[in-house]
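*Asks:*
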Amino acid sequence: MADTDPRPVLAPILGDQLTRTLASLRGRTKDDTVILMMEVWDEATYVRHHKQKIVLIFSAMRHFAAELRDAGWTVDYVRLTDADNSGSFTGEVARAMERHDCSAIHVVEAGEWRVQQQIEEWAGRFDCAVEILEDDRFLCSIGNFREWAEDRDTLRMENFYREMRRKTGLLMDGGKPVGDAWNFDHDNRESPRDDMDPPERPKFEPDEITRDCIELVEDKFGDHFGSLENFRWPVTRDQAEKAADAFFAVRLTKFGPYQDAMVHGQDDLYHSMLSTSLNLGLLDPLELCERAAKAYADGEAPINSVEGFIRQIIGWREYVRGFYWYHMPHLERANALNAQRGLPEFYWTGETDMRCMADCVRSTRDNAHAHHIQRLMVLGNFALLAGVNPREVQDWYLVVYADAYEWVELPNVAAMILYADGGKLASKPYAASGNYINKMSDYCRKCTYSVSKKTGEGACPFNALYWHFMDRHRERLENNNRVARVYQNWDRMGEERQAEYLESAEAFLDTLTPADRGWARSE
22 MADTDPRPVL
32 APILGDQLTR
42 TLASLRGRTK
52 DDTVILMMEV
62 WDEATYVRHH
72 KQKIVLIFSA
82 MRHFAAELRD
92 AGWTVDYVRL
102 TDADNSGSFT
112 GEVARAMERH
122 DCSAIHVVEA
132 GEWRVQQQIE
142 EWAGRFDCAV
152 EILEDDRFLC
162 SIGNFREWAE
172 DRDTLRMENF
182 YREMRRKTGL
192 LMDGGKPVGD
202 AWNFDHDNRE
212 SPRDDMDPPE
222 RPKFEPDEIT
232 RDCIELVEDK
242 FGDHFGSLEN
252 FRWPVTRDQA
262 EKAADAFFAV
272 RLTKFGPYQD
282 AMVHGQDDLY
292 HSMLSTSLNL
302 GLLDPLELCE
312 RAAKAYADGE
322 APINSVEGFI
332 RQIIGWREYV
342 RGFYWYHMPH
352 LERANALNAQ
362 RGLPEFYWTG
372 ETDMRCMADC
382 VRSTRDNAHA
392 HHIQRLMVLG
402 NFALLAGVNP
412 REVQDWYLVV
422 YADAYEWVEL
432 PNVAAMILYA
442 DGGKLASKPY
452 AASGNYINKM
462 SDYCRKCTYS
472 VSKKTGEGAC
482 PFNALYWHFM
492 DRHRERLENN
502 NRVARVYQNW
512 DRMGEERQAE
522 YLESAEAFLD
532 TLTPADRGWA
542 RSE
């Protein structure tokens, strides 16, 4: 029998669900649905997010609410400063249920574990049906990833990626990959050139809505990390599409070769800068991948750039999301290497003579962004080598990057960067000496430290820290076939040279000042 309840359905939309085709809106009509959007204190402060991150999310939410209203939807929008704002999702759903006397709640599953736990309690709290819908904006559901993972001894992204290529048909020629290779990493490791002149990415001047959000954040979160001076992120689907247009038009061709390159003062290079829009829901991941594949098919971009871009989205992005849900909540407490050092103060201040670290922190502070190799092989590599406590590193990454949500941040930091999961995600720790940074950047040229000097005063700290890390974790790592040769080299050095490395590393570690935890969390 047809449902004759005249009361509307409440459809809460979270801040990273800004998609017109969201599952909770499909099949609904504008006459039988109240959309609830909420700016709540809990979400703005569970960690002390970068100022640009809060502005980005609030502004994108407000723009999206305006678009929905213009399209005829009823939108109940709760602002952070509303007098009766309860400060939590659950509290605001309760207030909305009273205001609108809704018959049911339809909500798309949350991206983060802690929010999903709140949503799953709603059925017991509210006297109505609560339907939690799958977030089908992802190409691999949580359930499908679990099915893929359960019978495997190791969960390697490469295996997952190949299945996603077959599933989507992207860059496939029948049952074979286009170009007779699944990836073209060997073509994507070019060092930066002196004559590189990457085009500036599109930057969007704040409109009245965004300016209001900037004023709000300066007022309420003025002591949070970061600067708002350079806020130019896309905050609407139209702006996000313009940013994508610019990437495909002028940067995709060189994205592949230089995706691992780092240049002092050059914050964007040839990267897409689309992750904030993807993670907010303003762009569709499959549409972007299909557009990249068409660029290759039309002869507008080389295979190595196109495949590298597609792999980041249907490979890595989908994989870490599945990995997150498969290993939560244990992943957030993982510390396989027993790393206990406090996060150094210079992660917040940028005040260090290591030119690479200072530049990456500067870009992070000014832009709420650093590209993936800066995050992995400079900022992350240092934290790994120095043995920084995973929870402190996780909180830092979650705070400082505008595209950071726990589902994507936690696997990347705990498992990929810090090896805290003991190798469930990565086959080896991504540890490197100063040689890697020197090869892939221009940072070392004018650095106070000498990358060619291995130990002692003036030596690049990454050199001694690398061997210190390898030595203290030998028992765990020496039987790893991807690391075994490192220990052969270590043993050939002899005890005197080994002692020089260890003493040099320890002397440097003694200079590190741990940051106050209040930078990241208020408790």
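Residue numbers (this note's numbering): 22 to 544. Glycine included, C-beta positions come from ideal geometry on N, C-alpha and C.
(1) Pick from Glu236, Ala314, His127, Gly247: whose alpha carbon is nearest that of Thr274?
(2) Would you mind stating whether Ala536 and Gly401 have Cβ atoms separated by less than 9 Å?
(3) Beta-carbon separation of Leu530 and His489 under 9 Å?
(4) If you run the structure through DSSP and keep just helix, strand and coil, what is Lys74?
(5) For Gln415, name the three-state secondary structure that DSSP assigns.
(6) Once the 5 residues before and after Gln260 are set aside, which same chain residues still bring their CB inside 7 Å of it?
(7) Among all the DSSP beta bridges, which residues are the ones paired with Glu152?
(8) Between the C-alpha atoms of Met294 and Asn251, what's the straight-line distance to the nearest angstrom?
(9) Using a 10 Å radius around the Cβ and a threshold of 16 neighbouring Cβ atoms, would you call Asn359 buried or exposed?
(10) Spell out the partners DSSP gives Leu31 in its beta bridges.
(11) Can you list, in chain order, the residues of its chain whose CB lies under 8 Å from that of Arg135, leaving out five sequence neighbours each side?
(12) From Leu290 to Arg332, what distance separates their C-alpha atoms?
(13) Cα-Cα, which of Ala480, Cys123, Glu171, Asn500 is closest to Glu524?
(14) For Asp97, name the three-state secondary structure that DSSP assigns.
(15) Can you tell me where the alpha helix (DSSP H) with Trp369 in it begins and where it stops?
(16) Once DSSP output is grouped into helix, strand and coil, what is the label at Gln361?
(17) Would you check if there are 3 or more beta carbon pairs closer than 8 Å linking the stretch 72-85 to the stretch 123-142?
(18) So, is Ser454 buried or exposed, given that buried needs 16 or more other C-beta atoms within 10 angstroms?
(19) By DSSP, does Gln287 sit in helix, in strand, or in coil?
(20) Any contact of the stretch 341-349 with the stretch 510-519, i.e. 3+ C-beta pairs under 8 Å?
(21) Can you give the Cα-Cα distance for Arg183 and Ala117, rounded to whole angstroms?
(22) Considering Cα atoms alone, identify which of Glu60, Asn356, Ile230 is closest to Asp103.
(23) Report the residue from Cys381, Leu446, Ala379, Gln361 whose alpha carbon sits nearest the alpha carbon of Asn410.
(24) Leaving out five residues before and five after Glu521 in sequence, what residues of the same chain have Cβ atoms less than 7 Å from its Cβ?
(25) Where does Ser80 sit, in a helix, a strand or coil, going by DSSP?
(26) For Asp442, count neighbouring C-beta atoms within 10 Å of its own C-beta (all shown protein chains included) and say buried if the count is 16 or more, exposed if not.
*Replies:* In terms of the structure at hand:
(1) The option with the nearest alpha carbon to Thr274 is Ala314.
(2) Not a contact, by the Cβ cut-off of 9 Å.
(3) A contact, by the Cβ cut-off of 9 Å.
(4) In the displayed model, Lys74 falls within a helix according to three-state DSSP.
(5) Three-state result, Gln415: helix.
(6) Cβ neighbours of Gln260 beyond the five flanking positions: Phe225.
(7) In the DSSP output, where bridge partners are listed per residue, Glu152 has His127.
(8) Going from the Cα of Met294 to the Cα of Asn251 covers about 14 Å.
(9) A residue is called buried once 16 or more other Cβ atoms fall within 10 Å of its Cβ, and Asn359, having fewer, is exposed.
(10) According to DSSP, Leu31 bridges with Val55, Ile126.
(11) These residues qualify, in order along the chain: Tyr67, Glu427.
(12) Cα-Cα distance, rounded: 19 Å.
(13) The option with the nearest alpha carbon to Glu524 is Ala480.
(14) Strand.
(15) Annotation: the continuous alpha helix (DSSP H) that includes Trp369 extends over 367-370.
(16) DSSP, reduced to helix, strand and coil, places Gln361 outside both helices and strands of the structure shown, so it counts as coil.
(17) Three or more beta-carbon pairs separated by less than 8 Å are not found between the stretch 72-85 and the stretch 123-142, which leaves the two stretches without contact.
(18) Taking all protein chains in view, the Cβ of Ser454 is crowded by 16 or more other Cβ atoms within 10 Å, so the residue is classified as buried.
(19) Here Gln287 carries a strand assignment [DSSP, helix/strand/coil].
(20) No, they do not touch.
(21) Their Cα atoms are separated by approximately 45 Å.
(22) Asp103 has its Cα closest to that of Glu60, out of Glu60, Asn356, Ile230.
(23) Here the closest residue by C-alpha is Gln361.
(24) Annotation for Glu521: Thr476 place their beta carbon closer than 7 Å to its own, counting only its chain and skipping 5 residues before and after.
(25) Correct three-state label for Ser80: helix.
(26) It counts as buried.
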